[in-house]
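Per the UniProt record's numbering, the sequence shown starts with residue 1, numbered consecutively. Just below is one structure, and these are the notes that go with it.
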Amino acid sequence: MMSSWAVLANKGSQHNWRPPLPNSIVAILCPKPALSTAYSPGATLHHSKVSFPFLPSPGRRCYVRPLVMCSASAANLAPGTPVRQTSILVVGSTGTLGRQIVRRALDEGYDVRCLVRPRPAPADFLRDWGATVVNADLSKPETIPATLVGIHTVIDCATGRPEEPIKTVDWEGKVALIQCAKAMGIQKFVFFSIHNCDKHPEVPLMEIKYCTEKFLKDSGINHITIRLCGFMQGLIGQYAVPILEEKSVWGTDAPTRIAYMDTQDVARLTFIALRNEKVNGKLLTFAGPRAWTSQEVITLCERLAGQDANVTTVPVSVLRLTRQLTRLFEWTNDVADRLAFSEVLTSDTVFSAPMSETYSLLGVDAKDVVSLEKYLQDYFTNILKKLKDLKAQSKQTDIYF
């Protein structure tokens, strides 16, 4: 399945993917689209060469200047050579969700390849687990095709870094990845999106997610799209740790409710869906057992920690004003885009969805999905025990004169 320009790394090793790629495989900024990129149901938008902010129009249409065009005939390096169904590429494998996807895949016997950006501190923990690490960057489309050689399924958990424009990875990078996956004959593509992204065209990140969903569907790749509401892991740094350290906890006066889910459950359900042929081409939403307001989460953390939180409340009106002010300056546009997303999270919105049909489709018992109470209780029990042990050790080593 390989050629002289694509040498696969050994399992448990790191490998820099820097082979010279034939022009027939990758052509950067090709003059004609590899895939159709116009969509028209819905609300408002023009992505003219991925331009922002979004412009109102009678129907929602996503336009993108193609970043990569792979030749399917050239990519078919060995016709008839089967690709193992257990071979998967995880994109965004060092993130909160990505690392759980990798861990679950390895536990279930998959051959896992992790696409990781070149970085000063390599992702050694992925190699220690038994995954193969390959260096590539979605913002550099020419680095993508070689990572897909010999891969059956792509699981995309990637998201842009806070310091870079949202469109760089979440839109342009995803378009390039999908185009390459199509041309390289990837058998299945799993994309993680955001719940309610189709209802907020005014928010760049959510509109990008919605357009990416449409772009993936239009590509013709066998795919599964999974919309997520929120991760329980994010609440540790946001609420649990500041309360234990007696630092300020930031909250809002909005009644937003979010059905948080443990990323381990997300990973488990993802692989159940991956093996279920009935799920192919479907749009699923994963939501936790109950939707919580920020104040309810803070109250729960206070009870489990046994101490009160120092809560600093930020009115939603302040977020709106800040967003408007940052729009006045070109260099703060990306800040405004992220504030727009924060504004949605702090509005009168419910990020949740009924899960009974999804559980039935996947053959999952709702009782097996971890509740937020159980997740936080386990966290506080473990951390408070460790703090108690450290305090005891400290007393034993005290020297008195």
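Every residue gets a Cβ at the ideal spot worked out from N, C-alpha and C, and that includes glycine.
Three-state secondary structure (DSSP) of residue i
i, result
"G251", "strand"
"C114", "strand"
"L384", "helix"
"K282", "coil"
"I221", "coil"
"S87", "strand"
"V266", "helix"
"L304", "helix"
"S371", "coil"
"R290", "coil"
C-alpha distance - residue i paired with residue j, whole-angstrom precision
i, j, result
"E296", "D265", "22 Å"
"I88", "L138", "17 Å"
"L361", "N310", "43 Å"
"G109", "V90", "14 Å"
"Q307", "K388", "15 Å"
"M232", "T285", "16 Å"
"M355", "A287", "7 Å"
"R113", "A131", "6 Å"
"G185", "I178", "11 Å"
"residue 404", "V249", "No information on residue 404 is available, as it lies outside the stretch 1 to 401 that the chain covers here."
"T349", "L228", "15 Å"
"I151", "K167", "26 Å"
"G59", "E213", "Residue placement at G59 is flagged as unreliable, the pLDDT there being 44, under the threshold of 50; a coordinate-derived value is accordingly withheld."
"Y359", "L390", "42 Å"
"A136", "K174", "13 Å"
"V134", "K140", "14 Å"
"A9", "P145", "For A9, the predicted structure reports a pLDDT of 38, less than 50, and the residue's modelled location is therefore unreliable. A value from the coordinates is still provided. C-alpha separation (whole angstroms): 15 Å."
"A366", "C197", "25 Å"
"F125", "D378", "24 Å"
Extent of the continuous alpha helix (DSSP H) run through residue i
i, result
"F125", "D124 to W129"
"V175", "K174 to A183"
"P186", "The amino acid at residue 186 is misidentified as Pro; the sequence shows Ile. Neither: I186 is in no alpha helix (DSSP H) and is coded neither H nor E."
Beta carbon of residue i nearer than 8 Å to that of residue j
i, j, result
"V154", "T252", "no"
"L376", "L304", "yes"
"V169", "A181", "no"
"T256", "T293", "yes"
"A123", "T94", "yes"
"K278", "H223", "no"
"T225", "F191", "yes"
"H195", "F351", "yes"
"I208", "G230", "no"
Enclosing beta strand (DSSP E) for residue i [first to last residue]
i, result
"D156", "T153 to D156"
"I144", "Looking at the DSSP string, I144 is not in any beta strand (DSSP E), and its letter there is neither H nor E."
Any chance the segment 256 to 270 sits against the segment 101 to 115, with 3 or more Cβ pairs inside 8 Å? yes
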